[in-house]
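Undergrad:
There are 2 protein chains.
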Amino acid sequence: MGDGSEFARILAENERYTEAFDRSALTAAPLRGIAIVACMDARLDVEETLGLRTGDAHIIRNAGGIATDDVIRSLVVSQALLGTDEIVVIGHTQCGLLGADEETIRHRLTATTGVDLDIGFGSFADLEASIRASVERLRAHPWIDARRIHGLVFDVETGRLRELA
Amino acid sequence: MGDGSEFARILAENERYTEAFDRSALTAAPLRGIAIVACMDARLDVEETLGLRTGDAHIIRNAGGIATDDVIRSLVVSQALLGTDEIVVIGHTQCGLLGADEETIRHRLTATTGVDLDIGFGSFADLEASIRASVERLRAHPWIDARRIHGLVFDVETGRLRELA
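Residue numbers (numbering that gives the first Met the number 0), protein chains in the order written: chain F, 0 to 164; chain S, 0 to 164.
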């Protein structure tokens, strides 16, 4: 990594993408009325894993797939402005935040940069509990449609999604 | 939308996905050392548009593709824990937040739900200025590697990425 060639490659790949591009008739409202909240993890290709096509769904991702205030903001925009009414929250096995030691990370960053900041990283001790907590936070939010909110675990070794009861 | 069949379809699609799944050897560190920050918009398939494969990149997405505190948290995790060192910020044409009237949305939600909340939606008046502001915020952050941060506009009508100077 880090040789600076990635950005040039992305622009070249995009040239190829535009040659076959046929989604110009889509509008901002997702065709399937669904919003996905998932971890940023590189092993999870949300569209492929869930069988979604371009235009089908809003996809919201952060470190951990956690229902932060920013995710709630995004979901309110998704539902109130763009008509989605179903939410799927996806965590995954082998997440970098599972059991991460926040103090060690903070000390290392402070030592490296010379700047101490009070940033929580969102680490968690139990994957299923973390997903359930996100689902519950969304269900309890007064501006979010709570009728259809699902929690799923993605297994990075098999590609399989498992629904949380 | 909203007939509840989407979730069942997703699980069925995932069954098919697992049959050909061959990425079990990937680890959490993205192969190309890159993190993407993009809008949640359904018309933007980040992997296809940028020519990324499963395992290549962290993908962070929210309403607007804005560098919020939660995006900064995710990027710090991406760089400090998982070794990425290049960031691409992507906004897009016809964004639902472009020129959105926050007061109108808030009043409507308050009237519909009976609960008044002070949530900003992240609307913006100028797409390029919004992307540039995100890039600048990331470049100025003491815990983010500022050497390779790019800003791009995605055109939803052509699929083309355009670099901001």
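Cβ coordinates follow ideal geometry from the N, Cα and C atoms, glycine included.
Here the structure is a predicted model, which means the values were calculated and not measured.
#1: In the DSSP assignment, find the unbroken alpha helix (DSSP H) run with Leu-126 of chain F in it and report its ends.
#2: Alpha carbon to alpha carbon, how far is Phe-6 of chain F from Ala-27 of chain S? Give it in angstroms, no decimals.
#3: Taking Ala-27 of chain F as the query, report the chain S residues whose CB atoms sit under 7 Å from its CB, ordered along the chain.
#4: For a contact defined as C-beta to C-beta under 9 Å, what are the partners of Phe-123 of chain S on chain F?
#5: Could you tell me which residues DSSP puts in a beta bridge with Gly-90 of chain S?
#6: Closer than 8 Å by beta-carbon distance: list the chain S residues that pair up with Asp-69 of chain F, in chain order.
#7: Return the chain-ordered ranges of every alpha helix (DSSP H) run that is complete within the segment 40–82 of chain S and spans a minimum of 4 residues.
#8: Less than 8 Å between the C-beta atoms of Arg-161 of chain S and Val-152 of chain S, yes or no?
#9: Ile-9 of chain S lies in the alpha helix (DSSP H); which residues open and close that run?
#10: Using a C-beta cutoff of 8 Å, does Arg-15 of chain F count as contacting chain S?
#11: Closer than 8 Å, CB to CB, is His-149 of chain S near chain F or not?
#12: I need the straight-line Cα distance from Ile-143 of chain F to Thr-112 of chain S, nearest angstrom please.
#13: Using a Cβ-Cβ cut-off of 8 Å, state whether Arg-159 of chain S counts as contacting chain F.
#14: Could you give the residue range of the alpha helix (DSSP H) that holds Arg-105 of chain F?
#15: Out of S:Thr-17, S:Asp-55, S:Glu-46, S:Gly-64, which has the shortest C-alpha to C-alpha gap to Val-36 of chain S?
#16: On the three-state DSSP scale, how would you describe Phe-120 of chain S?
#17: Would you check if the distance between the CB atom of Gly-90 of chain S and the CB atom of Cys-38 of chain S is smaller than 8 Å?
#18: Please report the distance separating the alpha-carbon of Arg-31 of chain S from that of Gly-54 of chain S.
#19: Answer yes or no: do Ile-104 of chain F and Ala-79 of chain S have a C-beta to C-beta separation smaller than 8 Å?
#20: Taking the alpha-carbon positions, what's the Glu-127 of chain F to Pro-29 of chain S distance?
#21: What number of angstroms, rounded off, separates the C-alpha of Phe-120 of chain S from the C-alpha of Ala-164 of chain S?
#22: Can you look up Leu-160 of chain F in the DSSP assignment and give me helix, strand or coil?
#23: Taking Cβ positions, are Gly-50 of chain F and Glu-12 of chain S nearer each other than 8 Å?
#24: Any beta-carbon of chain F closer than 8 Å to the one on Thr-103 of chain S?
#25: Under three-state DSSP, which class holds Ile-143 of chain S?
TA: In terms of the structure at hand:
#1: 126–139
#2: 21 Å
#3: Asp-40, Gln-93, Gly-95
#4: In chain order: nothing, as chain F lies at least about 12 Å away.
#5: Looking at the DSSP assignment, Gly-90 of chain S forms a beta bridge with S:Val-152.
#6: Asn-61, Thr-67, Asp-68, Asp-69, Val-70
#7: The qualifying runs are 45–49, 68–75.
#8: Their beta carbons are under 8 Å apart, which means Arg-161 of chain S touches Val-152 of chain S by this criterion.
#9: 4–18
#10: yes
#11: yes
#12: 9 Å
#13: yes
#14: 101–112
#15: S:Gly-64
#16: coil
#17: yes
#18: 8 Å
#19: Yes; because the gap between Cβ atoms is below 8 Å, this pair is in contact.
#20: 24 Å
#21: 27 Å
#22: strand
#23: Contact: yes.
#24: no
#25: Coil.
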